[in-house]
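To keep things clear, I will list the structure first and then write my remarks on it.
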Amino acid sequence: MFDIESIQALFDGDAVNYRKHFTTRIEERNITKAEVAHAILSGEIIEQCPDDEPLPSVLILGYTKNNEPLHIAVGVDDYAIWLITTYRPTLDIWESDYKTRKVIV
Numbered sequence: 000m001f002d003i004e005s006i007q008a009l010f011d012g013d014a015v016n017y018r019k020h021f022t023t024r025i026e027e028r029n030i031t032k033a034e035v036a037h038a039i040l041s042g043e044i045i046e047q048c049p050d051d052e053p054l055p056s057v058l059i060l061g062y063t064k065n066n067e068p069l070h071i072a073v074g075v076d077d078y079a080i081w082l083i084t085t086y087r088p089t090l091d092i093w094e095s096d097y098k099t100r101k102v103i104v
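Sequential numbering from 0 applies to the sequence shown in numbering that gives the first Met the number 0.
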């Protein structure tokens with residue numbers, strides 16, 4: 000299990016890798032790296048996926064300086080993080096806290 004403080008320290012210490020998918024998605028979704036940075040550094044882990052391959056991952060909920068929610072999927076090991084993707088969560092999938100997935104039947 001990873002904690003947000005460890006991920007933030009790796010991010011702040013420049014132990015960050017950007018997956019090609021991540022850079023493609025931020026361009027498509029008009030999300031800046033500055034928004035992602037602010038969201039990670041002020042965010043919280045809302046899901047842990049320890050069995051993900053090739054690395055365990057977490058889903059972070061953070062907010063931009065304009066108070067817009069962002070989800071950032073991050074692969075993690077002991078030495079670095081990999082930014083996998085990011086998106087603006089929507090209320091058709093997430094509850095209003097943006098932490099809880101809606102049950103869709």
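Cβ atoms here follow ideal geometry from the backbone N, Cα and C, with glycine treated the same way.
As assigned by DSSP and simplified to three states, the class of residue i
i	result
T23	helix
L54	coil
A33	helix
I92	coil
G72	For the record, residue 72 in the displayed sequence is Ala; it is not Gly. In the structure shown, A72 sits in a strand (DSSP, three-state: E or B).
I83	strand
E4	helix
Separation of residue j from residue i, as counted between CA atoms
i	j	result
D13	L60	20 Å
R87	W81	19 Å
H37	Y62	7 Å
D91	K101	8 Å
K19	T31	15 Å
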